[in-house]
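In numbering that gives the first Met the number 0, the protein residues as written are 0 to 303.
Here is the structure we will look at, set down as structure tokens.
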Amino acid sequence: MKYERFLSDLNKNGETVQYCVDLKQLNSFGIGGKTKYLVVANKAKTIKEIAKYTKLFYIVGNGTNIVFPDKLYKGTIIKLGKSFSTIKVKNNKVVAGASTNLFALNNFLKDNELSGLEFTFGIPGSVGGAVFMNAGAFGDEIGNYVTRVKIFDGEKIYWTKNFTFSYRNSTFKQKKYVILFVELTLSKGRKEEIEKKQKEFLEKRKTTQPYGEKSAGSVFKRIEKNGKTFFPAKIIDKLGLKGVKIGSAEISTKHAGFIVNKNSATQKDVKKLIKKVKNKIKRETGFKLEEEIILLKGDTKWLS
């Protein structure tokens with residue numbers, strides 16, 4: 000009851016609190032049941048206060064790499080509001096809020112003639128989500144440009160330079176820190192050249208990926224073994240799994256590294272399809288695949 004009163008007070012003090020919200024509208028996969036509470040937070044202290052009452056909350060950006068549970072998420076889903084979508088620049092350093100859309104960031108960088116993140120143009124995620132997962136494409140990763148991050152570590156809110164990145168991983172992901180703002184250090188460039196690169200990367204995505212379809216992006220991490228790199232999509236394609244469906248979840252016929260929601264797919268459908276792929280690849284090649292997407296459980300805690 001104390002938490003309910005706290006949420007009611009939040010609503011009265013300018014934050015947005017909703018109850019029993021459809022999760023399908025909060026992710027690019029169009030999958031999910033309901034969340035008990037949804038808080039759109041515009042103050043860092045709101046997240047800090049929520050954490051005092053409950054550890055059962057989850058931070059969602061644009062929801063582009065997450066598969067929500069089919070029934071009820073028993074805790075609180077927190078979305079960062081407009082105050083976390085600001086972008087500021089000084090010389091070649093940019094500070095962007097965690098909820099900033101990567102399209103908006105790229106347009107800002109183009110207008111300010113700052114180069115480096117063109118490879119992210121077309122990724123439908125947020126800055127916070129991209130840094131959390133160390134999003135990458137076309138041989139580059141966002142972690143290569145991050146110099147400071149403002150976080151909530153479960154107790155305190157502060158700027159830090161103490162972090163590391165690896166393939167689809169970061170200190171923030173490992174320690175479940177909440178990313179609030181990110182400082183990026185970029186290079187000076189010419190607007191025309193930046194725009195040209197952005198368009199080239201976007202076109203590559205549109206021609207090679209199921210762009211515009213409901214998905215959570217690339218499903219599996221690449222495989223590193225004996226000094227060699229193996230790409231799951233190529234293996235899945237070679238094994239004839241393109242187009243395989245379970246329920247409304249289908250391995251994309253355009254790019255075998257994606258699972259798409261053809262109609263009304265459920266998390267259960269996606270999990271079964273992932274298991275089918277993993278088992279076949281394990282039998283045929285000996286490789287053990289690891290998911291890149293996040294399959295959220297109904298009782299997942301953000302801060303443990």
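Even glycine gets a Cβ: it sits at the ideal position worked out from N, Cα and C.
Predicted model, so just to flag it, every value in this text is computed and none were measured.
So residue i and residue j are in contact, right, with Cβ under 8 angstroms, and what is the actual spacing, rounded?
| i | j | result |
| --- | --- | --- |
| Ser98 | Gly60 | 6 angstroms |
| Leu288 | Lys275 | About 11 angstroms; that fails the 8 angstroms criterion. |
| Asn260 | Ser214 | 7 angstroms |
| Leu183 | Tyr144 | 5 angstroms |
| Ile77 | Ile30 | Not really, about 19 angstroms apart at Cβ, beyond 8 angstroms. |
| Ala248 | Ala232 | So it is not a contact: roughly 16 angstroms between Cβ atoms. |
| Leu55 | Asp298 | 7 angstroms |
| Ala43 | Gly153 | At roughly 13 angstroms, the Cβ-Cβ gap does not stay under 8 angstroms, so Ala43 and Gly153 are not in contact. |
| Val130 | Ser169 | 7 angstroms |
What number of angstroms, rounded off, separates the C-alpha of residue i from the C-alpha of residue j?
| i | j | result |
| --- | --- | --- |
| Leu37 | Glu3 | 12 angstroms |
| Phe67 | Val126 | 20 angstroms |
| Phe180 | Gly239 | 43 angstroms |
| His254 | Phe164 | 27 angstroms |
| Thr34 | Lys109 | 37 angstroms |
| Leu79 | Arg282 | 43 angstroms |
| Glu117 | Ser84 | 19 angstroms |
| Asp69 | Lys187 | 46 angstroms |
| Ala95 | Phe107 | 10 angstroms |
| Gly121 | Lys271 | 29 angstroms |
| Lys87 | Phe230 | 37 angstroms |
| Ile193 | Val39 | 33 angstroms |
| Ala103 | Lys23 | 23 angstroms |
| Ile234 | Phe286 | 10 angstroms |
| Cys19 | Asn161 | 38 angstroms |
| Asn90 | Ile58 | 31 angstroms |
| Arg167 | Leu6 | 34 angstroms |
| Thr284 | Lys227 | 14 angstroms |
| Asn41 | Tyr210 | 31 angstroms |
| Phe151 | Lys220 | 27 angstroms |
| Arg204 | Phe137 | 10 angstroms |
| Gly32 | Lys241 | 28 angstroms |
| Val93 | Leu113 | 9 angstroms |
| Ile65 | Lys300 | 15 angstroms |
| Thr206 | Lys296 | 33 angstroms |
| Ala134 | Gly13 | 33 angstroms |
| Asp268 | Tyr72 | 18 angstroms |
| Gln266 | Val16 | 25 angstroms |
| Leu185 | Asn105 | 12 angstroms |
| Asp139 | Lys11 | 44 angstroms |
| Thr159 | Ile245 | 44 angstroms |
| Thr119 | Thr146 | 17 angstroms |
| Val243 | Glu291 | 20 angstroms |
| Gly115 | Arg189 | 12 angstroms |
Does DSSP classify residue i as helix, strand or coil?
| i | result |
| --- | --- |
| Asn10 | helix |
| Ala95 | strand |
| Val307 | Residue 307 cannot be examined here, being either before or after the span of the chain that is shown, 0 to 303. |
| Gly128 | helix |
| Glu249 | strand |
| Leu240 | coil |
| Thr119 | helix |
| Leu55 | coil |
| Glu199 | helix |
| Tyr2 | helix |
| Phe67 | coil |
| Phe28 | coil |
From the DSSP secondary-structure annotation, give me the bridge partner or partners of residue i.
| i | result |
| --- | --- |
| Lys277 | DSSP lists no partner for Lys277. |
| Gln17 | Leu37 |
| Asp139 | Ala136 |
| Leu79 | Ala40 |
| Phe151 | Ile156 and Val177 |
| Thr184 | Lys92 |
| Leu108 | None; Leu108 has no bridge partner. |
| Lys224 | Lys227 |
| Leu113 | Lys187 |
| Ile49 | According to DSSP, Ile49 bridges with nothing at all. |
| Glu290 | Phe219 |
| Lys296 | Looking at the DSSP assignment, Lys296 forms no beta bridge with any residue, so it has no partner. |
| Lys87 | Val94 |
| Tyr72 | Thr34 |
| Phe164 | Ser169 |
| Phe257 | Ser217 |
| Asn61 | DSSP lists no partner for Asn61. |
| Asn100 | Ser125 |
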